[in-house]
Structure formats: structure tokens, C-alpha cells
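Some notes on the structure that comes next.
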């Protein structure tokens with residue numbers, strides 16, 4: 002296949018330096034290089050959509066976490082919807098769409114055997130393939146698994162979720178409504194707040210930027226909070242804490258407010274306040290990432306597939322055009338600028 | 002039965018004032034009054050043993066918790082082993098021993114129907130009835146239920162428990178050993194430390210007062226910590242945190258280091274440090290009290306009864322003589338002065 006080498010140039014974005022605090026454009030570098038050549042069993046993928054997700058901030062740091070960091074000068078990691086352009090694997094042919102971990106680049110090699118399934122959205126008529134990076138992919142499964150395994154909202158209980166216009170939060174709230182819970186969604190700004198109430202049917206929607214937010218949250222939860230789906234942290238968590246009921250469950254899948262913290266804030270050390278609340282109210286606070294519950298994934302695809310087909314679960318996408326805009330897309334995402342699942346249309 | 006009124010004088014200890022910080026003798030008042038007279042269905046109980054437990058500090062405060070506070074001038078609450086001295090209930094006769102919630106007093110009335118079972122230690126040959134307040138009662142069940150429902154130690158895992166010479170901690174460590182875990186116990190002082198190692202067979206025993214404690218704990222846990230049974234808080238928790246493994250479980254049944262806190266300490270606010278650790282390491286931190294798992298109680302009695310009968314589980318008691326010494330007994334307990342389960346021999 003050597004005659005194909007020069008047909009494709011690979012554009013890629015690497016980690017140029019580790020951020021101190023919020024990432025800046027200087028932490029990224031765009032490079033061009035010849036596209037790689039597949040060997041036996043491999044395929045060459047062209048990236049169609051790249052997912053941007055809060056966890057990527059963590060990979061830019063070298064602090065111990067659940068996944069190794071991206072090394073300096075390495076391509077930024079990321080989930081993609083990719084198209085097979087050359088195949089030396091019998092199960093895949095040019096034109097096939099797959100979900101892959103191709104990262105922030107236009108071309109990537111992959112072992113055909115690792116692309117466990119071709120993208121298959123036959124029942125989601127009209128859905129963009131990028132859905133497989135959002136409500137029908139990792140963020141949607143994060144919501145589904147966190148509720149199924151930890152949050153367990155019951156009919157009549159009150160569930161609170163923040164970043165509720167994002168792909169995890171919006172899905173959490175809608176599934177909880179289907180389970181019979183009362184849902185209070187929190188987002189930044191009036192447009193997102195109105196979307197939660199008017200489009201997604203949440204019982205109450207609040208804007209965390211409102212100076213009266215904490216009082217509004219209390220008023221919105223007259224019977225307290227039974228499930229707080231934590232993907233934010235910061236002042237929202239502070240406002241939630243005093244409202245948690247006995248036996249409340251707090252699945253923790255993200256803490257975007259803290260990803261760029263450089264130092265702990267000074268003041269009272271509230272760590273023992275939290276542990277005492279965990280004791281007195283018999284809370285369950287449990288961290289997870291979706292792959293911890295991967296055995297549930299087939300069930301998720303079936304149930305979510307049916308919900309999407311029937312229009313029961315709604316979703317929004319926020320499309321960034323062009324790989325070169327991915328760094329600014331992630332920087333904005335970490336500030337809450339996105340309205341819906343943020344993906345980059347790469348080609 | 003009115004002719005019996007003056008046969009008995011009731012000595013009782015009431016809450017005189019709420020403590021600010023650590024309790025003092027002035028927070029208690031000893032009173033004498035005629036013993037009450039049972040009506041139909043009731044029994045008059047004479048207290049044989051009164052249990053002293055860390056949770057009592059919480060009942061002296063009016064902060065919201067899982068149980069209502071003791072009111073000023075009310076008798077302090079407490080679990081007892083009591084003897085029936087008069088009975089107007091067909092199922093109980095004078096001389097019967099029962100476990101009851103008679104509180105800090107020599108005589109109390111109880112509805113016979115609420116004394117669900119007579120004390121029955123037939124298989125624990127030679128055991129003091131006070132065992133029903135310790136390893137064979139609430140503290141033992143706290144250990145059993147917290148491990149069964151939350152801690153779930155597996156063979157080969159490392160479990161750490163503090164206050165390990167106390168009735169909960171000692172039982173936690175011994176049950177975990179029976180489940181095949183490696184057990185690191187923490188206590189205050191050399192005598193307790195040696196007891197854990199030499200009498201209870203813990204793999205490692207540490208003295209939290211040692212200036213090198215944090216380094217010793219790290220050295221004692223070369224493979225990290227899979228279960229931390231939390232009944233202490235404070236500096237022990239601080240030393241445990243960095244050692245927790247992915248998917249570690251932290252049952253929280255007590256935080257004795259914080260019960261007399263009046264203000265949160267100043268410095269860095271580590272609350273978000275804890276939540277970030279919960280996320281990154283996918284920890285489960287869950288508060289409980291033993292009655293949350295009361296359905297397990299019959300199973301506990303069966304299994305613990307066999308362990309005690311066979312001498313597999315060992316225990317120590319720390320007996321305070323005389324009800325009038327109960328206040329000092331509780332004050333000392335909260336400082337870790339007890340060595341084993343602290344009970345008051347009342348009569």
C-alpha cells in the first residue's frame with residue numbers, strides 16, 4: 002500500500018505543554034505529517050467527528066487519576082466517529098463508519114479487531130453519526146449507568162442534576178423523569194434554563210449564576226434531595242449539601258468546577274463537615290466512570306435506542322467546525338460555553 | 002401495686018446543660034426520685050449494666066442528626082441490660098433479664114411488648130450479660146453489618162480500622178481476618194497496640210500517637226487500602242486518604258474525633274480534595290447506623306454466637322463501677338481512655 006502514503010496528509014493536535022489552571026491555546030500545537038500506512042489486520046481511519054469532553058482536562062495533567070496522562074508532544078486523546086478509508090482487516094471495508102479512539106487528528110491507524118462494532122444507527126432514523134459520541138454513546142451511558150447502579154431514583158423522589166443542558170445532565174434528568182422522579186435541573190444562563198423546562202420537561206430549572214441560586218434551590222426542593230447526580234462540584238455542591246435527605250445517593254462522575262484548580266481555597270476546612278454529613282444522613286457518595294459498568298452497555302443501547310426512536314429522550318448537539326478549532330472548543334467547554342453535546346466536525 | 006412505690010428509689014442522671022466542645026461533669030446532674038409504678042402491660046426494670054457509647058455525645062447536642070437530642074433535664078439515653086423486678090406483662094416475670102433502653106437510671110418502666118426478647122446467652126457459657134451491650138449487641142452488629150453491606154472485604158485485600166481496641170473496631174478486624182483480608186489496626190498507646198497484634202492476631206498494629214504514624218501506616222499498606230472502616234475521622238482519616246485504592250469502600254459509622262468540634266479548622270478547604278479523590282479513585286463512602294440493616298440481626302446473632310462459643314472472636318470489657326461514675330466514664334470514652342467495651346455496672 003506504499004503508493005498510498007502521499008495520498009493523505011494527517012493534521013493532528015498535540016499537547017504542547019501542561020496547563021497551570023485553565024488551559025490556553027498555547028497548551029496545544031497543530032502539526033501536519035504524512036498519514037500512516039496500515040499493516041496486516043489494521044485499518045486507516047479518517048475522523049468524521051471528534052468528541053470534546055470535560056475529562057480531557059484531566060488527561061492534560063500528570064496528576065494520578067483513573068487514566069494515564071497524555072504525554073507532551075503526543076496527540077490529544079479523544080473518542081471519534083471515523084470512516085474506514087483503507088482496510089487490511091477482513092471485517093471492515095472502505096466507507097464503514099466506526100466509533101474509535103482516534104484522538105485529535107484527521108487520520109489514524111487502528112487494529113481492525115479492536116473496532117468491536119460498526120456504527121449501527123438503523124433505528125434512529127435521521128440521527129447524525131455523532132449521536133454515537135453523545136446521548137447514544139459515552140455521555141448517555143454515563144447518565145444511564147450512574148442512575149442504574151448508584152442514583153436509583155424512585156417514583157416521587159427528588160433528583161437534582163447540574164450541567165443539565167450538557168449531554169450527561171440532560172440525559173440524567175430525562176431518565177429520572179421516566180422513572181417517576183421529580184427533577185430539578187441546574188444550568189448556566191437563561192437560555193439553557195428555559196430549555197430544561199420547556200423542551201426537556203424538567204419540573205424546575207434554575208440558573209446557577211443567579212445571585213439567589215441557593216435560596217431558589219432550597220425553594221425548589223421542599224422535600225429535600227434524594228439523588229444529587231454530581232458532575233460539577235463547586236458552589237452548586239455547596240448549595241446541595243444542606244438539602245440532602247437521609248439515605249440520599251450522590252453518584253460522582255465529574256467535578257468540572259475543580260478540574261483547573263491549582264490550589265485548594267483558603268478558609269474553613271470543610272472536609273470533616275462533609276464526612277459528618279455522610280454519617281448523620283447516611284449518605285452514599287460514590288465515584289464512577291462509565292466503563293466501570295460496561296456490562297450494562299448492551300442493555301443501555303437497547304433501552305436508549307428505543308427511547309430515541311420514540312422521541313422520548315431528547316438531545317442537543319453543539320458542533321464546532323474544523324479540527325483546528327478543537328482547542329478553543331475544549332477551553333470553552335470547560336467554561337460551560339457549550340449548549341448540548343460538543344463535537345468537532347473534522348471532515 | 003401502689004404499696005410498692007416506696008420500695009425503690011430511682012437514681013438517675015439527667016442532661017443539665019449542653020456541652021460546648023468536650024463534655025464536662027457540669028453537663029450532667031444526678032437526681033433521686035421514687036421509682037415509677039408499672040401499669041397494665043408494663044414492667045419495672047432495674048438496670049444491671051448501662052452501655053456507654055460515643056453516639057451519646059451527639060444526643061447531648063441539638064444539631065440535626067439521625068436521632069432527636071436529649072432534652073435538658075431529661076434522663077440521658079442509653080442501652081441497658083436490665084432485670085425485671087415487677088411485671089404486669091404476661092410474658093415477663095421478676096428475675097428475667099432483658100436488653101432495654103432504660104437510660105442512665107437505676108429503675109425504669111417499659112412496655113413489656115417492646116422488650117422483644119429475653120436475654121438469652123445460653124451458648125456463650127460464662128459470658129457476662131453485658132456482652133449483649135458489646136460484641137454480641139449493638140457494637141458487634143455495627144461491625145458485622147458495616148462489613149457485610151458496605152465494606153465487603155475480600156480475601157487478600159487490605160482493611161484498615163481505627164479505634165481498633167474498642168468493641169466496633171476489634172470486631173471489624175477479627176471478622177475481616179475471618180474473611181481472609183489483611184488487617185491493619187490502629188489504636189492509641191502501646192498497650193492497645195500490643196493487644197491488637199498479640200491477642201487479636203491483626204497483621205499490623207499501629208499507635209496513632211506515634212509521631213511517625215502516617216509513614217508507618219503507608220509502610221503497613223504496601224498494596225494500598227481496599228476497605229477503611231471509619232469510626233474515628235481526624236488525623237487518622239487524613240493519613241488513610243492518600244492510600245485508598247481504586248474502588249475502595251469506606252463505611253462510616255462514627256467520627257469520634259469530631260463529635261466535640263466547635264468550629265471547623267482554618268486552613269485549606271479540603272472538601273473538594275475529598276470529592277475529587279472519590280471521583281478519581283471511584284471510592285464508595287457511605288454512612289450508616291446499625292439499625293439501617295436490622296434485617297441482618299438474626300443472621301448476626303447466629304454467626305456471632307457461633308464465633309463466641311468457639312472462641313474465634315475475642316472481646317474485652319472495660320467496666321465502670323456505679324451509675325454515679327457514668328458521666329466521667331463517657332467523658333473518658335470520648336478521649337479514648339477505655340480499653341474494650343465500656344459499660345457501667347449499675348447494680
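Chains as they are written, first to last, in my numbering: chain P, 2 to 348; chain S, 2 to 348. Glycine is no exception: its CB is placed at the ideal position from the N, C-alpha and C atoms.
Quiz item: Can you tell me the Cα-Cα spacing of residue 348(P) and residue 24(P), whole angstroms?
Solution: Position 347 of the first chain, counted from the start, is the residue given in the question as residue 348(P). Position 23 of the first chain, counted from the start, is the residue given in the question as residue 24(P). Approximately 25 Å between the Cα atoms of the pair.
Exercise. For chain S, find out if any of its Cβ atoms is closer than 8 Å to the Cβ of residue 331(P); answer yes or no.
Key: The sequence position of residue 331(P) within the first chain is 330, counting from 1. No - not a single Cβ of chain S is within 8 Å of the one on residue 331(P).
Quiz item: Are any of the Cβ atoms in chain S nearer than 8 Å to that of residue 272(P)?
Solution: Numbered from its first residue, the first chain carries residue 272(P) at position 271. Chain S, which has a Cβ nearer than 8 Å to the Cβ of residue 272(P), makes this yes.
Quiz prompt | Residues of the region 288-302 of chain S with Cβ closer than 9 Å to any Cβ of chain P, in chain order | solution = 288, 289, 290, 293
Quiz item: Going along chain P, which residues have a C-beta under 8 Å from residue 282(S)?
Solution: The residue labelled residue 282(S) in the question sits at position 281 within the second chain. By Cβ distance, chain P contributes 67, 288.
Self-check item: Backbone secondary structure at residue 91(P) - three-state DSSP
Solution: Your numbering for residue 91(P) matches position 90 in the first chain. Residue 91(P) falls in the coil class under three-state DSSP.
Self-check item: residue 257(S) versus residue 289(P) - alpha carbon distance
Solution: Along the second chain, read from residue 1 onward, the residue named residue 257(S) stands at position 256. Along the first chain, read from residue 1 onward, the residue named residue 289(P) stands at position 288. The alpha-carbon atoms of residue 257(S) and residue 289(P) are separated by roughly 29 Å.
Quiz prompt | Closest Cα partner of residue 216(S) within the set 242(S), 233(S), 202(S), 231(S) | solution = Taking the first residue of the second chain as 1, we reach residue 216(S) at position 215. Checked all of 242(S), 233(S), 202(S), 231(S); the closest Cα to residue 216(S) is 242(S).
Quiz item: Which partner residues does residue 51(S) have in the DSSP bridge list?
Solution: By one-based count along the second chain, residue 51(S) stands at place 50. Beta-bridge pairing links residue 51(S) to 81(S), 345(S).
Exercise. Would you list, in sequence order, the uninterrupted alpha helix (DSSP H) runs of no fewer than 4 residues that lie entirely inside the region 166-247 of chain P?
Key: 168-179, 191-199, 214-221, 235-241
Quiz item: Just curious, the alpha helix (DSSP H) that residue 59(P) is in, first and last residue?
Solution: Working through the first chain from its first residue, we reach residue 59(P) at position 58. From DSSP, the alpha helix (DSSP H) with residue 59(P) extends over 56-60.
Quiz prompt | N- and C-terminal bounds of the beta strand (DSSP E) containing residue 35(S) | solution = Mapped onto the second chain, residue 35(S) falls at position 34. 29-35 is the extent of the beta strand (DSSP E) around residue 35(S).
Practice problem: Within the same chain, show all residues whose beta-carbon is closer than 7 Å to that of residue 252(S), passing over the 5 residues directly before and after it, in chain order. | Solution: As a first step, residue 252(S) is located in the second chain; it is residue number 251 there, counting from the start. Closer than 7 Å at the Cβ level, and outside the excluded window around residue 252(S), lie 147, 151, 152, 230, 231, 287, 289.
Exercise. Kindly indicate which three-state DSSP category residue 20(P) falls into: helix, strand or coil?
Key: Start at 1 with the first residue of the first chain, and residue 20(P) comes out as number 19. Residue 20(P) falls in the coil class under three-state DSSP.
Practice problem: Figure out for me which residue from 329(S), 162(S), 171(S), 261(S) has the closest Cα to the Cα of residue 56(S). | Solution: To locate residue 56(S), count along the second chain from 1; it is residue 55. Closest by alpha carbon: 261(S).
Self-check item: Residues sharing a beta bridge with residue 46(P), DSSP
Solution: The count along the first chain starts at 1 and reaches residue 46(P) at position 45. BP columns for residue 46(P) point to 85(P), 109(P).
Quiz item: Would you call the region 323-333 of chain S and the region 295-311 of chain S in contact, with 3 or more CB pairs under 8 Å?
Solution: no
Practice problem: Report all residues from its chain with a CB closer than 6 Å to the CB of residue 206(P); omit the five preceding and five following residues, and keep chain order. | Solution: The residue labelled residue 206(P) in the question sits at position 205 within the first chain. Answer for residue 206(P): 186, 194, 197, 198, listed in chain order.
Exercise. Identify whether residue 301(S) lies in helix, strand or coil by the three-state DSSP scheme.
Key: Position 300 of the second chain, counting from 1, holds the residue named residue 301(S). In this structure, residue 301(S) counts as helix in the three-state DSSP scheme.
Self-check item: Backbone secondary structure at residue 326(P) - three-state DSSP
Solution: For this step, residue 326(P) is matched to residue 325 along the first chain. If DSSP states are grouped into helix, strand and coil, residue 326(P) belongs with the helices.
Practice problem: Kindly say whether residue 266(P), judged by its beta-carbon, lies nearer than 8 Å to any beta-carbon of chain S. | Solution: As a first step, residue 266(P) must be located in the first chain, where it is residue number 265. Chain S contact via Cβ: present.
Self-check item: Cβ of residue 279(S) within 8 Å of any chain P Cβ
Solution: Walking along the second chain from the start, residue 279(S) turns up at place 278. Yes, its Cβ sits closer than 8 Å to a Cβ of chain P.
Quiz item: Of all Cβ atoms in chain P, is any one closer than 8 Å to the Cβ of residue 224(S)?
Solution: Along the second chain, one-based indexing puts residue 224(S) at 223. For residue 224(S), the answer is no, since every Cβ of chain P falls outside 8 Å of its Cβ.
Self-check item: For residue 141(S), the first and last residue of its enclosing alpha helix (DSSP H)
Solution: Residue mapping note: residue 141(S) aligns to position 140 of the second chain, counting from 1. Residue 141(S) -> alpha helix (DSSP H) spans 139-147.
Quiz item: From residue 110(S) to residue 183(P), what does the alpha carbon distance come to, in whole angstroms?
Solution: The residue given as residue 110(S) occupies position 109 in the second chain. The residue given as residue 183(P) occupies position 182 in the first chain. For residue 110(S) and residue 183(P), the distance between alpha carbons rounds to 45 Å.
Exercise. Would you give the residue range spanned by the alpha helix (DSSP H) that residue 277(S) belongs to?
Key: Here the question's residue 277(S) lines up with position 276 in the second chain. First-last of the alpha helix (DSSP H) with residue 277(S): 272-281.
Quiz item: Given that residue 253(S) touches chain P, what residues does it touch there, using C-beta distances under 7 Å?
Solution: Residue numbering aside, residue 253(S) sits at position 252 when the second chain is read from its first letter. Per Cβ cutoff of 7 Å: 276, 279, 280.
Quiz item: Which of the three DSSP states, helix, strand or coil, is assigned to residue 307(P)?
Solution: Counting from 1 along the first chain, the entry for residue 307(P) is found at position 306. Here residue 307(P) sits in helix by DSSP.
Quiz item: Which residues in the same chain have their Cβ closer than 6 Å to the Cβ of residue 234(S), if we skip the five residues on either side of it in sequence?
Solution: Indexing the second chain from 1 puts residue 234(S) at position 233. The answer, listed in chain order, is 256, 258, 259.
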